[in-house]
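Take the sequence shown: its letters are residues 1 to 189, numbered as in full-length UniProt numbering.
Even glycine gets a Cβ: it sits at the ideal position worked out from N, Cα and C.
Shown next, in structure tokens, is the structure this report addresses.
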Amino acid sequence: MITLREEAPTDVGAREALLDRVFGPTRFLKSSERIRAGRLAADGLSLIAEDAATGALVGTVRLWHVSAGGRPALLLGPLAVAPELQGAGLGSVLMRRALNRAAIAGHGAVLLVGDPEYYVRFGFSGEKTEILSMPGPTERRRFLALELQPGALDRAAGRVVPTGRRLDADVETLIPVGPLAAGEGLRAA
């Protein structure tokens, strides 16, 4: 069985190893990394999937505070699932849980850079990112947005910049850890 929970400071090493496994060393060259560098993810919006039998971290998703051309938003990513579980629906579960938590917390919009063929199922499109830009090269068709609140990205124009809390030397005191809502369990297919 796979369980979902908030990321804890003790998960960082396993999360980074999973991301290295899924994306390789070029992940640090992406424009989204420029936004995430030196920042903490948004409170309560860093989730992991864990194999209950082995304790292995098998999935992760995080969201980050940004300004999208002057409008508050979140940047999603990276979303990663262990290669042996890809295609089983775990990425979709992580996405839906993260988007639901963001909406409940009152966030208005989520941006990401990813495959539109995958993210369209969650309501993402390129319509609201047409006059926004990332801090580096980004394939335009992969720059997507989802409004959690209608009009959240109206009149958003310009560069996406980080607005989240800066990473301090004592990260463990800054990352809140707590249980997720009911329905934590998930069966892997």
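Practice task
Could you work out which residue in Gly69, Leu99, Leu57 is closest to Asp154 when comparing CA atoms only?
Solution key: Of the candidates Gly69, Leu99, Leu57, the one whose C-alpha sits nearest the C-alpha of Asp154 is Gly69.
Problem - Coil, strand or helix - Arg155 by DSSP - result: coil
Practice task
Look at the alpha carbon of Pro25 and the alpha carbon of Val58, and state the distance between them as a whole number of angstroms.
Solution key: Using only the alpha carbons, I get a separation of about 19 Å.
Practice task
Flag this pair as yes or no: are the beta carbons of Val113 and Ser31 separated by less than 8 Å?
Solution key: yes
Practice task
With DSSP collapsed to three states, give me the class of Pro162.
Solution key: strand
Exercise for the section: Starting from Ile48, follow the beta strand (DSSP E) in both directions and report where the run begins and ends. Expected result: 46 to 51
Problem - Simplified DSSP state of Ala8, which is helix, strand or coil - result: coil
Practice task
Identify whether Gly13 lies in helix, strand or coil by the three-state DSSP scheme.
Solution key: helix
Handout entry: Span separating the alpha-carbon of Gly106 from that of Ala42
Key = 12 Å
Handout entry: Extent of the continuous beta strand (DSSP E) to which Pro116 belongs
Key = That residue, Pro116, is in no beta strand (DSSP E); its alpha helix (DSSP H) goes 116 to 119.
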